[in-house]
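Asks: One structure is given below, represented as structure tokens, and several questions about it will come after.
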Amino acid sequence: MSNQFPPSTIAVYSKYKVNKFNIIITNKNNITKLKNYLKFLLSKFSKIKKEIFGTNEKPCKPRPSEYSTIVGVGSVVPCQIEAYFLALNKYVDESATVLDVGFGLGYGLNILAIKAKEVSGVDVDKKVYDYCQGTIVDRNPRLIYLSIYEGYSLSFPDNYFDVVTCVDTIEHVEDYDRLIKEMLRVAKKGVFLSTPNRRPEYTNPDGTPKNYWHLREWSFDEFDEIVKRHGKVDWNFLNGPFEGPFISSKTVQENTFTLSPFIYKRGKSL
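Residue numbers for the sequence shown, in the working numbering: 4 to 273.
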């Protein structure tokens with residue numbers, strides 16, 4: 004999920020951009036006109052600011068219908084690739100059926116299909132659904148089913164998949180507890196999650212993520228409190244810079260970039 008600018012910002016720029024604005028100040032009358040025009044602009048942009056940011060001055064966050072993944076090589080995220088391989092090597096075997104929630108460009112589907120018996124996926128973005136249907140599904144017999152969903156409800160029976168993966172998606176979801184419960188419902192073994200570790204360089208002074216598309220980001224302690232409500236947790240961490248390389252660990256490090264817990268379904272053991 005990555006749009007460089009919020010749609011509202013683009014709309015404001017398109018509507019109110021000024022192609023040419025040349026005022027030659029030659030007398031007091033022109034200065035008065037300039038002052039009046041600047042007051043007009045200030046009132047306009049004050050109104051726009053309230054429409055975009057609201058009265059509390061905090062930027063609005065996207066609705067699920069706004070999500071649109073940029074298709075292209077530059078959109079491949081190194082930590083996501085590493086997270087998928089972590090899930091593959093630790094929690095997926097040759098007999099496993101896997102559901103990937105938020106499959107994006109689909110490279111995670113292909114990674115999971117290296118070992119899993121069958122792989123399915125759901126996403127809220129129709130563009131990536133069409134892209135993956137046209138580029139990878141027919142080329143990999145282990146990819147059996149893709150669908151669009153509304154963000155929470157999964158149209159599968161209880162215990163339908165052995166493992167559910169959800170890589171760098173939970174930070175986009177408003178009711179994350181609801182989605183975790185739903186993923187555990189359709190899983191036999193458990194759910195593998197990955198999400199960015201909240202780091203100072205990616206966080207605004209008020210604590211919100213700099214990434215517009217992230218509704219929130221968590222520290223390890225914060226995310227641990229959330230996931231352990233749902234079952235026993237096997238913790239993993241990916242450590243390194245954004246571009247990689249990454250080293251995995253079982254304890255959080257100073258350079259931890261990704262939090263990657265596996266939540267075991269109740270009744271299952273580590």
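The C-beta atom is built at its ideal place from N, Cα and C for all residues, glycine as well.
The structure presented is a predicted model; accordingly, all values stated were derived computationally and were not measured.
Pick from P199, I229 and D227: whose alpha carbon is nearest that of E220?
Replies: By 1-based counting over the sequence shown, the position of residue 220 is 217. That would be P199, whose Cα lies nearest to the Cα of E220.
Asks: For chain B, find out if any of its Cβ atoms is closer than 8 Å to the Cβ of N214; answer yes or no.
Replies: The chain inventory of the structure shown lacks chain B, comprising one protein chain alone.
Asks: Report yes or no: do three or more beta-carbon pairs, one from the stretch 135-145 and one from the stretch 166-176, lie closer than 8 Å?
Replies: Verdict: no, contact absent.
Asks: So for E246, helix, strand or coil by DSSP?
Replies: Along the sequence shown, read from residue 1 onward, the residue named residue 246 stands at position 243. Three-state result, E246: coil.
Asks: Looking only at its chain, what residues have a beta carbon closer than 6 Å to the beta carbon of P212, apart from the 5 residues adjacent to it on each side?
Replies: Taking the sequence shown and counting its residues from 1, one reaches residue 212 at position 209. Contacts found: E220.
Asks: To the nearest angstrom, how far is the alpha carbon of P264 from that of E174?
Replies: By one-based count along the sequence shown, residue 264 stands at place 261. By one-based count along the sequence shown, residue 174 stands at place 171. One C-alpha to the other measures close to 14 Å.
Asks: If we count Cβ pairs, one from each stretch, closer than 8 Å, do we get three or more for the stretch 95-105 versus the stretch 115-123?
Replies: Taking 8 Å as the limit for Cβ pairs, the verdict is that the stretch 115-123 does touch the stretch 95-105.
Asks: Report all residues from its chain with a CB closer than 6 Å to the CB of G109; omit the five preceding and five following residues, and keep chain order.
Replies: What you label residue 109 is simply residue 106 of the sequence shown in a count that begins at 1. Closer than 6 Å at Cβ, skipping near neighbours: C135 and I139.
Asks: What did DSSP end up calling F48 once you bin it into helix, strand or coil?
Replies: Looking up residue 48 in the sequence shown gives position 45. In this predicted model, F48 has a pLDDT of only 47, less than 50, meaning its place in the structure is not dependable enough to derive any value.
Asks: For G247, I'd like the list of residues in its chain whose CB is within less than 8 Å of its CB, leaving aside the five on either flank, ordered along the chain.
Replies: In the sequence shown, the residue the question calls residue 247 occupies position 244. P81, C82 and E85.
Asks: Could you round the C-beta distance between F240 and V230 to whole angstroms and report it? I think they count as a contact, below 8 Å.
Replies: Residue numbering aside, residue 240 sits at position 237 when the sequence shown is read from its first letter. Residue numbering aside, residue 230 sits at position 227 when the sequence shown is read from its first letter. Between V230 and F240 the Cβ distance is about 13 Å, and since that is not below 8 Å, they are no contact.
Asks: I'd like to know whether the C-beta atoms of L196 and I266 end up nearer to each other than 8 Å.
Replies: Within the sequence shown, residue 196 is the residue found at index 193, counting from 1. Within the sequence shown, residue 266 is the residue found at index 263, counting from 1. Yes. Within cutoff.
Asks: CB G154 to CB V131, shorter than 8 Å?
Replies: As a working note, residue 154 is residue 151 in the sequence shown. As a working note, residue 131 is residue 128 in the sequence shown. Result no, Cβ atoms of G154 and V131 do not sit closer than 8 Å.
Asks: In the DSSP output, what is A190 paired with across the bridge?
Replies: Position 187 of the sequence shown holds residue 190. Note: A190 sits in a beta bridge opposite F164.
Asks: Counting only runs that start and end within the stretch 95-128, where is the beta strand (DSSP E) found for 3 or more residues in a row?
Replies: Qualifying beta strand (DSSP E) stretches, in chain order: 100-104 and 121-126.
Asks: Just how far apart, CA to CA, sit K253 and W238?
Replies: Along the sequence shown, read from residue 1 onward, the residue named residue 253 stands at position 250. Along the sequence shown, read from residue 1 onward, the residue named residue 238 stands at position 235. Near 6 Å, if we compare the C-alpha coordinates of W238 and K253.
Asks: Which residue comes first and which comes last in the alpha helix (DSSP H) that contains F226?
Replies: As a position in the sequence shown, residue 226 is number 223, starting the count at 1. Here the alpha helix (DSSP H) through F226 covers F223 to V230.
Asks: I need the boundaries of the beta strand (DSSP E) containing F265, first residue and last residue.
Replies: Taking the sequence shown and counting its residues from 1, the one referred to as residue 265 is at position 262. F265 -> beta strand (DSSP E) spans F265 to Y267.
Asks: Nearest to D281 by alpha carbon, out of I183, R188 and I151?
Replies: Residue 281 lies beyond the stretch modelled for the chain, which goes from 4 to 273, so this question has no answer here.
Asks: Y87 and G111: beta carbons closer than 8 Å?
Replies: As a working mapping, residue 87 is identified with position 84 in the sequence shown. As a working mapping, residue 111 is identified with position 108 in the sequence shown. The answer is yes: Cβ separation under 8 Å.
Asks: Looking at the structure shown, is I84 part of a helix, part of a strand, or coil, going by DSSP?
Replies: By one-based count along the sequence shown, residue 84 stands at place 81. In the structure shown, I84 sits in a helix (DSSP, three-state: H, G or I).
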